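Down below is the structure, laid out as structure tokens.
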Amino acid sequence: MKYSYYPGCTLKNKARDLDAYARASAEALGFEMEEIEDWQCCGGVYPLGSDEIATKLASIRALQAAKEKGQELITVCSACHHVLKRVNDDMKHVEDIQARANNYLKLEEPYKGETNVLHYLEVLRDRVGFDMIKEKVTHPLTGKKIGAYYGCLLLRPGKVLEFDNPENPKIMEDFIRALGAEPVIYPYRNECCGGYISLKEKDMAKNMCNKIVESAEGFGADMLITACPLCMYNLNKNTAGDLPIYYFTELLAEALGVKEEVDNA
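Structural data, given as structure tokens:
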């Protein structure tokens with residue numbers, strides 16, 4: 001299996017581990033991530049204004065690049081996935097945005113939302129399969145109690161992202177089970193960490209982060225996993241640091257026996 005891959009800006013600097021472990025794990029699981037050429041920053045935030053065309057163009061270029069290769073487009077970063085998926089939905093269903101964006105880009109063939117956007121976790125669930133991953137695990141994470149922190153960007157709006165049930169998701173818990181660990185279900189796993197207000201409303205963001213960590217600890221979690229660099233930063237910055245937080249790809253690489261290769265590269 002070969003997919004077009006959109007890494008995004010953060011995975012090239014502050015979140016290099018999220019990217020490196022994802023690539024190594026993909027190879028171990030038998031699928032290829034082909035980084036698209038000349039990609040640009042998605043913007044990090046979905047532009048809500050229907051008249052904002054310029055801020056959507058970088059995402060459309062990435063989507064078009066995958067379309068030209070006849071491939072589905074993978075992202076690992078929650079924010080990039082959120083932006084690409086919503087812009088793609090605009091290009092499918094909002095005629096005004098579709099017409100103006102294509103008029104600006106002057107593509108040989110107009111882009112109309114043909115590319116299927118997948119988060120890396122969706123590839124693991126829907127293409128590889130958690131049962132297959134379980135068979136590939138060489139270093140099971142037996143005895144570890146792991147809380148999945150979804151945050152808000154992976155799940156909402158549910159009808160557009162179609163990632164999982166936004167109120168009661170289970171994809172990351174199923175992922176944890178496939179690695180041999182025990183998932184911890186706690187109330188704040190799909191609540192916002194306050195990442196986008198962490199500079200302006202520091203006290204509020206800190207309070208939101210502490211509620212998440214305290215909730216996970218209270219239900220017995222030894223650690224948290226996330227797919228979002230912004231959540232990782234915010235939770236580490238605004239809590240005491242007693243509960244370790246990892247990218248989900250790091251634990252995947254560990255269970256597949258390829259983490260050491262990445263760490264020593």
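Residue numbers for the sequence shown follow full-length UniProt numbering, so the first one is 1 and each next one is one higher. The beta carbon of each residue, even a glycine, is placed where N, CA and C say it ideally should be. In this text the structure is predicted, and so the values were computed from the model without any measurement.
Query raised in the report: Three or more C-beta pairs closer than 8 Å, one from the region 105-117 and one from the region 132-150: is that the case here?
Result: no
Query raised in the report: Any idea which residues DSSP pairs Glu-32 with across the strands?
Result: The sequence position of residue 32 within the sequence shown is 32, counting from 1. Lys-2, per the DSSP bridge assignment.
Query - Within 8 Å, strictly: CB atoms of Tyr-3 and Glu-34 - result: Along the sequence shown, one-based indexing puts residue 3 at 3. Along the sequence shown, one-based indexing puts residue 34 at 34. Result yes, Cβ atoms of Tyr-3 and Glu-34 sit closer than 8 Å.
Requested in this report: Name the residue from Glu-68, His-82, Val-184, Val-76 whose alpha carbon lies nearest to the alpha carbon of Pro-47.
Outcome: The residue labelled residue 47 in the question sits at position 47 within the sequence shown. With distances taken between Cα atoms, Pro-47 lies closest to His-82.
Query raised in the report: Among the residues of its own chain, which have a CB less than 6 Å from the CB of Gly-257, if the five just before and after it don't count?
Result: Numbered from its first residue, the sequence shown carries residue 257 at position 257. Taken in chain order, the residues that qualify are Thr-138, His-139.
Query - DSSP-derived helix/strand/coil call for Leu-118 - result: Taking the sequence shown and counting its residues from 1, the one referred to as residue 118 is at position 118. Of the three classes helix, strand and coil, the one that applies to Leu-118 here is strand, per DSSP.
**Report entry** Residue ranges of each beta strand (DSSP E) within the UniProt domain "Cysteine-rich" (148-235), 3 or longer
**Finding:** 182-184, 223-226
Query raised in the report: Going along the chain, which residues of its own chain have a beta-carbon closer than 8 Å to the beta-carbon of Gln-40, five neighbours each way excluded?
Result: Position 40 of the sequence shown, counted from the start, is the residue given in the question as residue 40. Cβ within range, chain order: Ala-58, Arg-61, Ala-62.
Query - Terminal residues of the alpha helix (DSSP H) in which Tyr-104 lies - result: As a working mapping, residue 104 is identified with position 104 in the sequence shown. Where Tyr-104 is concerned, the enclosing alpha helix (DSSP H) stretches over 95-105.
**Report entry** Spatially closest choice to Lys-67 from Ala-24, Asp-89, Val-87, Glu-114, by CA coordinates
**Finding:** Mapped onto the sequence shown, residue 67 falls at position 67. Checked all of Ala-24, Asp-89, Val-87, Glu-114; the closest Cα to Lys-67 is Glu-114.
Query - Paired residues, beta bridge with Tyr-46 - DSSP - result: Position 46 of the sequence shown, counted from the start, is the residue given in the question as residue 46. Tyr-46 pairs with nothing; no bridge assigned.
Report task. Pull up the CB-CB distance for Ala-216 and Tyr-247, whole angstroms please, since I reckon it's below 8 Å. Result -> Here residue 216 refers to the residue found at position 216 when the sequence shown is read from its first residue. Here residue 247 refers to the residue found at position 247 when the sequence shown is read from its first residue. Ala-216 to Tyr-247, Cβ: 16 Å. No contact.
Query raised in the report: From which residue to which residue does the beta strand (DSSP E) around Ile-245 run?
Result: The residue you call residue 245 lines up with position 245 of the sequence shown. Looking at the DSSP string, the run of the beta strand (DSSP E) that includes Ile-245 is 245-247.
Query - For Leu-243 and Gly-218, the rounded distance between their alpha carbons - result: Your numbering for residue 218 matches position 218 in the sequence shown. Your numbering for residue 243 matches position 243 in the sequence shown. So the two alpha carbons sit approximately 11 Å from each other.
Query raised in the report: Ends of the beta strand (DSSP E) at Leu-73?
Result: Sequence index remark: in the sequence shown, residue 73 carries index 73 (1-based). 73-75 is the extent of the beta strand (DSSP E) around Leu-73.
Query raised in the report: Excluding sequence positions up to five away, which residues of its chain have a Cβ less than 6 Å from the Cβ of Leu-141?
Result: As a working mapping, residue 141 is identified with position 141 in the sequence shown. So the list reads Leu-179, Gly-180, Ala-181, Ala-255, once near-sequence residues are dropped.
Requested in this report: Give a yes or no on whether the C-beta atoms belonging to Lys-56 and Val-87 are separated by under 8 Å.
Outcome: Counted from its first residue, the sequence shown places residue 56 at position 56. Counted from its first residue, the sequence shown places residue 87 at position 87. It is a contact, given that the beta carbons lie within the stated cut-off.
Report task. Assign Ile-53 to one of three DSSP states: helix, strand, or coil. Result -> As a working mapping, residue 53 is identified with position 53 in the sequence shown. Ile-53 falls in the coil class under three-state DSSP.
Query raised in the report: Opposite Lys-145 in the DSSP bridges: which residues?
Result: Stepping through the sequence shown from its first residue, residue 145 is reached at position 145. Answer is Glu-182.
Query raised in the report: Does the Cβ of Leu-124 have 16 or more other Cβ atoms within 10 Å, making it buried, or fewer, making it exposed?
Result: Residue 124 sits at position 124 when you count from the first residue of the sequence shown. Buried: at least 16 other Cβ atoms inside 10 Å.
Query raised in the report: Alpha carbon to alpha carbon, what distance is there between Asn-103 and Leu-252?
Result: Taking the first residue of the sequence shown as position 1, residue 252 is located at position 252. Taking the first residue of the sequence shown as position 1, residue 103 is located at position 103. Each residue's alpha carbon lies about 43 Å from the other.
**Report entry** Inter-residue Cα distance where the pair is Asn-116 and Ser-50
**Finding:** Start at 1 with the first residue of the sequence shown, and residue 116 comes out as number 116. Start at 1 with the first residue of the sequence shown, and residue 50 comes out as number 50. Taking the straight line from one Cα to the other gives about 22 Å.
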